[in-house]
Every structure is written in C-alpha cells, then in structure tokens.
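This report concerns only the one structure given below.
In structure tokens:
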C-alpha cells in the first residue's frame, strides 16, 4: 500500500513536470531532452505498477513454483553481470565522446544511428537506468539536430 501511494505521488509529480515543459525556454534541444526524460519516467512508472501487480500474483502462486522463478532469475542475471560492466563502460565512453554539430547533415545521420544502437545495446544488455537514459537523451539530441 505504501509503495502504491509513492507511485501515485510520483505520477502526480510527473504530470506537474509535463505541464512545466510548456514553460521551458524555446530552446528546441532542451525541450527535446526534457520530453524524452518525461517519456522515460512515464514508462518506468508504468513498469513499476505492472511489477507491483506481478509481485502480488507471485505471492498467490504455490511455493515450489515461486522457488523455481527465483532460481531462474538468478541464473539469467548472473552471466550478464560479468559482461555488463565492460559493455556499459564502452557505451558510456561513446556517449560522452564527440558528436556532430548542428548543420553537418551527413554526420548527424551517422550519429543518430550510433545513438540508436547505443539505446538498443543498453536496453538489451539490461544496463543501469542511468545508462539507458543517457543513450535515450543522446538519441533525442541527434533527432532534434536533424
């Protein structure tokens, strides 16, 4: 119940922030970055609600099946945890590296593809939320420059 009330409060804050986007300076790049951040936050809130419902359903499941679920989760996450730091470091290094300025159309298109690949790698490798968000933000910046 406490978790649900926190999620509701976060949703209310998200709605307020969405309204605030309208008052943001007319800088299109900043606006795109903020909108992308709000989209990400909205998706995470929706995922939290779904996750919370799944947790309630799992608690109703018989004990042996719940144990199998836990073992499967540990096995699937363990191999990735050894690979993830190297991949995540390389993604972060690329995201922090140089990107094309406005006006260089060909390079911007190439950078947009780079950013899209970074987003896919970050999501598919279950990297930290910060890394996924950084990749999403870089992608939004490149789309706006285009």
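In UniProt numbering, the protein residues as written are 1 to 146.
Every residue, glycine too, gets a C-beta built ideally from N, C-alpha and C.
Item: What is the rounded straight-line gap between the Cα of residue 136 and the Cα of residue 1?; Value: 32 Å
Item: Kindly list the residues whose CB is nearer than 8 Å to the CB of residue 124, restricted to its own chain and excluding five residues on each side of it in sequence; keep chain order.; Value: none
Item: According to the Cβ coordinates, are residue 36 and residue 7 closer than 8 Å?; Value: no
Item: Rounded to whole angstroms, what is the Cα-Cα separation between residue 54 and residue 101?; Value: 45 Å
Item: Looking at C-alpha atoms only, which residue of 32, 117 and 106 is the closest neighbour of residue 87?; Value: 117
Item: Measure the C-alpha to C-alpha separation of residue 13 and residue 127 and round it to an integer number of angstroms.; Value: 26 Å
Item: Rounded to whole angstroms, what is the Cα-Cα separation between residue 132 and residue 10?; Value: 20 Å
Item: Spatial neighbours of residue 38 within its chain, please: C-beta separation below 8 Å, excluding the five flanking residues on both sides.; Value: 14, 17, 18 and 21
Item: Tell me the rounded alpha-carbon separation between residue 3 and residue 134.; Value: 26 Å
Item: Are there any heavy atoms of the ligand NAD lying less than 7 Å away from the beta-carbon of residue 119, as far as the coordinates show?; Value: Looking for the ligand NAD in the displayed structure turns up nothing, as the structure carries no ligands at all.
Item: Closest to residue 103 by CA distance: which of 142, 41 and 51 is it?; Value: 142
Item: Grouping DSSP H, G and I as helix and E and B as strand, with all else coil, what is residue 145?; Value: helix
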